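Numbering (the working numbering), first residue to last: 39 to 336. No residue lacks a Cβ here, since even glycine has one placed at the ideal position from N, Cα and C. Since the structure is predicted, the reported quantities are computational estimates derived from the model, not experimental observations.
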Amino acid sequence: MTAYLLDLNERLGRAASAWPPRQREPFVRFVRGAWAGAGFRGRAGGADLYYTAFALRALAMLGDDLDDLRAPLLPAAATTGRTSLADRVSALFTVRLLSGAGAPPPPAEAHAAAFEALRCDDGGYARAPGGASSTYATFLVAVGYDLLGASPPDAGGIAAFVRRRRRDDGGFADADRMPRSSVNPTAAAVALAAAGGLDDAALYDGAARFLLDVQRGDGGFPAGRGAPTGDLLSTFTALLTLSDLGAADAADTAAAERFTRACRAGEGGFGGVPGDDGADVEYTFYGLGVLAVLGAAP
Numbered sequence: 039m040t041a042y043l044l045d046l047n048e049r050l051g052r053a054a055s056a057w058p059p060r061q062r063e064p065f066v067r068f069v070r071g072a073w074a075g076a077g078f079r080g081r082a083g084g085a086d087l088y089y090t091a092f093a094l095r096a097l098a099m100l101g102d103d104l105d106d107l108r109a110p111l112l113p114a115a116a117t118t119g120r121t122s123l124a125d126r127v128s129a130l131f132t133v134r135l136l137s138g139a140g141a142p143p144p145p146a147e148a149h150a151a152a153f154e155a156l157r158c159d160d161g162g163y164a165r166a167p168g169g170a171s172s173t174y175a176t177f178l179v180a181v182g183y184d185l186l187g188a189s190p191p192d193a194g195g196i197a198a199f200v201r202r203r204r205r206d207d208g209g210f211a212d213a214d215r216m217p218r219s220s221v222n223p224t225a226a227a228v229a230l231a232a233a234g235g236l237d238d239a240a241l242y243d244g245a246a247r248f249l250l251d252v253q254r255g256d257g258g259f260p261a262g263r264g265a266p267t268g269d270l271l272s273t274f275t276a277l278l279t280l281s282d283l284g285a286a287d288a289a290d291t292a293a294a295e296r297f298t299r300a301c302r303a304g305e306g307g308f309g310g311v312p313g314d315d316g317a318d319v320e321y322t323f324y325g326l327g328v329l330a331v332l333g334a335a336p
């Protein structure tokens, strides 16, 4: 992958740059208001690497100046320690974003060793050592390598792994034992396939059909067919993937925009679903991301 998360942020930022300052400022204030002294907090309170990365993604998309965040955030993010896969990738993103475009990627050895400790015999990667392979975890590892300026050592194994996770409805499952496709593993699989250069029109067309088929009447996309309601995370990843596949126009984008606006909570944040008053920086990024993908104003 070529700086996937950084490229995505630039892409969303270009769309958001069309929003006038008065529309962007409430979201900047909301995200900045989640500062917890050594990072940004999530719903549980306290600075958190995962939420810090989402706060930075949102602020960068909104064109906010991040200079004041380098000193408090870079030292901790650059420290390699025992951490989850999601936190490790969040830390790498934080370092790359705050270090600037001309800075070299972080030293790869320790991070690569941590990633390879997650590799499974089927070519995928697990969330934790000794665990079962996961489509989404494999995507995170690929993104992590990308942030290091590298690629996973067995691209062919990942490609074969992705194909095995495909289900009859065209979508992809996260775990081998799961018979049903889900939205986020499907988005992850499409990104992995595209990054690996897979030339398989049927794979991409099937993924698009699955995503279009699961959109709910209220415009939201659920995590999977069995989920009770749509959510903002799945709506963002579905629409982003459909856009990448050239199929976003086939979705009910007007309904998706209404669903996203219904997730707005307060002056400058988004919750996970309509009526969720617990806005946080992660879902605020997703909400802004949906509007940017759709070319809509906040």
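Measuring straight from C-alpha to C-alpha, what distance separates Y163 and P58?
The residue given as residue 163 occupies position 125 in the sequence shown. The residue given as residue 58 occupies position 20 in the sequence shown. Going from the Cα of Y163 to the Cα of P58 covers about 42 Å.
Taking the alpha helix (DSSP H) that E63 falls in, what are its first and last residues?
Here the question's residue 63 lines up with position 25 in the sequence shown. First-last of the alpha helix (DSSP H) with E63: 59-70.
Does the region 185-192 come into contact with the region 207-220, if we say contact requires no fewer than three beta-carbon pairs (one atom in each stretch) closer than 8 Å?
With the cut-off at 8 Å, the region 185-192 and the region 207-220 do not touch.
Since I believe E320 is in contact with G80 (beta carbons under 8 Å), could you give me their beta-carbon distance rounded to a whole number of angstroms?
Reading the sequence shown from its first residue, position 42 is the one you call residue 80. Reading the sequence shown from its first residue, position 282 is the one you call residue 320. For G80 against E320, the beta-carbon gap comes to about 7 Å, under 8 Å, which counts as contact.
Determine the DSSP secondary structure at L44, reduced to helix, strand or coil.
Numbered from 1 along the sequence shown, position 6 holds the residue referred to as residue 44. Note: L44 maps to helix in three-state DSSP.
Please report the distance separating the alpha-carbon of A76 from that of L112.
Walking along the sequence shown from the start, residue 76 turns up at place 38. Walking along the sequence shown from the start, residue 112 turns up at place 74. Their backbone Cα atoms lie some 10 Å apart in a straight line.
Can the beta-carbon of F23 be found less than 8 Å from the beta-carbon of L332?
Since the first residue of the chain shown is 39 and the last is 336, residue 23 is not available in this structure.
Please work out which residues of its chain come closer than 7 Å, Cβ to Cβ, to M39, disregarding the five sequence neighbours upstream and downstream, and give them in chain order.
Looking up residue 39 in the sequence shown gives position 1. The predicted model places M39 with a pLDDT of 44, which falls under 50 and marks its position as unreliable, so this point remains unresolved.
Could you tell me the distance, in whole angstroms, from the CA atom of T322 to the CA atom of T275?
Sequence index remark: in the sequence shown, residue 322 carries index 284 (1-based). Sequence index remark: in the sequence shown, residue 275 carries index 237 (1-based). Straight-line Cα distance between these residues: approximately 14 Å.
Report the partner residues of F308 according to the DSSP bridge assignment.
On the sequence shown, position 270 is the one that residue 308 refers to. Answer by DSSP bridge pairing, in chain order: R302, D318.
Under 8 Å Cβ to Cβ from E295, same chain only, skipping five residues before and after it: list those, please.
Position 257 of the sequence shown, counted from the first residue, corresponds to residue 295. Closer than 8 Å at the Cβ level, and outside the excluded window around E295, lie G257, V328, L329, L332, A334.
Could you tell me if A54 is buried or exposed, where buried requires 16 or more neighbouring beta carbons within 10 angstroms of its beta carbon?
The sequence position of residue 54 within the sequence shown is 16, counting from 1. The Cβ neighbour count for A54, taken over all protein chains shown within 10 Å, is at least 16; the residue is labelled buried.
Taking 8 Å as the threshold (C-beta atoms), are T132 and A98 in contact?
As a working mapping, residue 98 is identified with position 60 in the sequence shown. As a working mapping, residue 132 is identified with position 94 in the sequence shown. Contact: no.
On the DSSP bridge list, what partners appear for G262?
Within the sequence shown, residue 262 is the residue found at index 224, counting from 1. G262 pairs with S220.
Does G83 pass the burial test, meaning 16 or more other C-beta atoms within 10 Å, or should it be called exposed?
Walking along the sequence shown from the start, residue 83 turns up at place 45. It is exposed - the Cβ of G83 has fewer than 16 other Cβ atoms within 10 Å.
Closest by CA to L249, which one among L270, G208, G255?
Indexing the sequence shown from 1 puts residue 249 at position 211. Here the closest residue by C-alpha is G208.
For the alpha helix (DSSP H) containing P144, list its first residue and its last residue.
Translated into the one-based positions of the sequence shown, residue 144 becomes position 106. Note, P144: premise wrong, no alpha helix (DSSP H); not H, not E.
Mark S122 as exposed unless 16 or more other C-beta atoms lie within 10 angstroms of its C-beta, in which case mark it buried.
By 1-based counting over the sequence shown, the position of residue 122 is 84. Exposed: under 16 other Cβ atoms inside 10 Å.
I'd like to know whether the C-beta atoms of F259 and A226 end up nearer to each other than 8 Å.
On the sequence shown, position 221 is the one that residue 259 refers to. On the sequence shown, position 188 is the one that residue 226 refers to. Not closer than 8 Å, so no.
If you draw a straight line from the C-alpha of A288 to the C-alpha of R299, how long is it?
What you label residue 288 is simply residue 250 of the sequence shown in a count that begins at 1. What you label residue 299 is simply residue 261 of the sequence shown in a count that begins at 1. Near 20 Å, if we compare the C-alpha coordinates of R299 and A288.
What does the Cβ neighbour count give for R62, buried or exposed, with the cut at 16 atoms within 10 Å?
Reading the sequence shown from its first residue, position 24 is the one you call residue 62. Label assigned to R62: buried.
Expressed to the nearest angstrom, what Euclidean distance is found between the alpha-carbon atoms of L46 and H149?
Locating residue 46 in the sequence shown gives position 8, where the first residue counts as 1. Locating residue 149 in the sequence shown gives position 111, where the first residue counts as 1. About 22 Å.
If we call anything under 8 Å between Cβ atoms a contact, is L135 one with L44?
For the purposes of this step, residue 135 is taken as the residue at position 97 of the sequence shown. For the purposes of this step, residue 44 is taken as the residue at position 6 of the sequence shown. Yes, the Cβ-Cβ distance between L135 and L44 is below 8 Å.
For M56, does the count of other Cβ atoms within 10 angstroms reach 16, so buried, or fall short, so exposed?
For this step, residue 56 is matched to residue 18 along the sequence shown. Checking the sequence shown, residue 56 turns out to be Ala, not Met. By the neighbour-count rule (16 or more Cβ atoms within 10 Å), A56 is not buried but exposed.
Assuming L283 and Y324 make a contact with CB atoms under 8 Å, what is their CB distance in whole Å?
Position 245 of the sequence shown, counting from 1, holds the residue named residue 283. Position 286 of the sequence shown, counting from 1, holds the residue named residue 324. Contact check for L283 and Y324: beta-carbon distance about 19 Å, past the 8 Å limit, so the pair fails to qualify.
State the start and end residues of the unbroken alpha helix (DSSP H) segment that holds L250.
Position 212 of the sequence shown, counted from the first residue, corresponds to residue 250. Where L250 is concerned, the enclosing alpha helix (DSSP H) stretches over 239-252.
Run the CB neighbour count on R60, radius 10 Å, all protein chains shown included, and call it buried at 16 or more, exposed below.
In the sequence shown, residue 60 corresponds to position 22, counting from 1. It is exposed - the Cβ of R60 has fewer than 16 other Cβ atoms within 10 Å.
Whole angstroms is fine: what's the gap from A115's alpha carbon to R70's?
Within the sequence shown, residue 115 is the residue found at index 77, counting from 1. Within the sequence shown, residue 70 is the residue found at index 32, counting from 1. Cα-Cα distance, rounded: 18 Å.
When you compare the CB positions of G138 and G161, do they come within less than 8 Å of one another, or not?
Locating residue 138 in the sequence shown gives position 100, counting from the first residue. Locating residue 161 in the sequence shown gives position 123, counting from the first residue. No. Outside cutoff.
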